Amino acid sequence: MTDNSIILPPQGFSPTREQMLRHLRRSNEVAQRAVNLGCHPFGAILVGPDQETILLEQCNIDTVNHAESTLARIAASNFSPEYLWSCTLYTAVEPCCMCAGTAYWANIGRIVYGMTERQLLQETGGHKENQTMSVPSRYVFDHCQKPVELIGPVEEVVEETLRLHRSFWQK
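Residue numbers in the sequence shown follow UniProt numbering, run continuously in steps of one, and reach 171 at the last position.
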């Protein structure tokens, strides 16, 4: 009998609460940069296995090139799958199903998010520029063949993330 199980490298150090909060707040700063560039308020950062080194930052570009999916594609073009498996993608808003899938295919092993996509939907309502899908990232990762670690929501950053989105979407 052949063992077809996937052998994956360790996922790097687990982030501390302080590291998670710092990196999630940085993703909000990147989201503010997106707003300053005329884009929607989403930002993502990729942190190395040491949970300190910021490897990439990406703000939202448009409705097809979200911060997380763009970051994951760039990461996959610049780092090995083995290395990415031990990295962490941080984003203040839960990744949509497109971004979760792209992070999975890029082989990013851990994702940490602040507020849920459902909270964002409650905040934006039926805004024509944020036609969010009701597909939690947990659903996507529960249907994958690799055990991507998903951490969130992280309550300490929800209110500051909501403030950023209220300011943008209510204009």
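We treat Cβ as the ideally placed atom computed from N, Cα and C, and that holds for glycine. This one's a predicted model, so the numbers in the text were calculated from it and none came from an experiment.
Every unbroken beta strand (DSSP E) within the UniProt domain "CMP/dCMP-type deaminase" (18-128), with a cutoff of 3 residues, ordered by chain: 43-47, 54-59, 88-93, 110-115
Reduced DSSP secondary structure (H/G/I, E/B, other) of residue 149: The residue you call residue 149 lines up with position 149 of the sequence shown. Three-state result, residue 149: strand.
Cβ-based burial, residue 69 [other Cβ within 10 Å; buried from 16]: Locating residue 69 in the sequence shown gives position 69, where the first residue counts as 1. Flag for residue 69 reads buried.
Whether residue 79 touches residue 51 by CB criterion (9 Å): As a position in the sequence shown, residue 79 is number 79, starting the count at 1. As a position in the sequence shown, residue 51 is number 51, starting the count at 1. No, Cβ-Cβ distance for residue 79 and residue 51 is not below 9 Å.
Residue 161 in three-state terms, based on DSSP: By one-based count along the sequence shown, residue 161 stands at place 161. Reduced to three states, the DSSP call for residue 161 is helix.
Cβ pair residue 44, residue 116 closer than 9 Å: In the sequence shown, counting from the first residue as 1, residue 44 sits at position 44. In the sequence shown, counting from the first residue as 1, residue 116 sits at position 116. No, the Cβ-Cβ distance between residue 44 and residue 116 is not below 9 Å.
Residue 156, DSSP secondary structure in three states: Start at 1 with the first residue of the sequence shown, and residue 156 comes out as number 156. Residue state, collapsed to three classes: helix.
Proximal residues to residue 66 (C-beta, below 7 Å), its chain only, five neighbours per side dropped: By one-based count along the sequence shown, residue 66 stands at place 66. Excluding residues within five positions, the ones whose Cβ falls inside 7 Å are 42, 60, 96, 98, 99.
Nearest neighbour of residue 135, chosen from 38, 94, 34, 107 [CA to CA]: Against the sequence shown, residue 135 aligns to sequence position 135. Closest option to residue 135, Cα to Cα, is 94.
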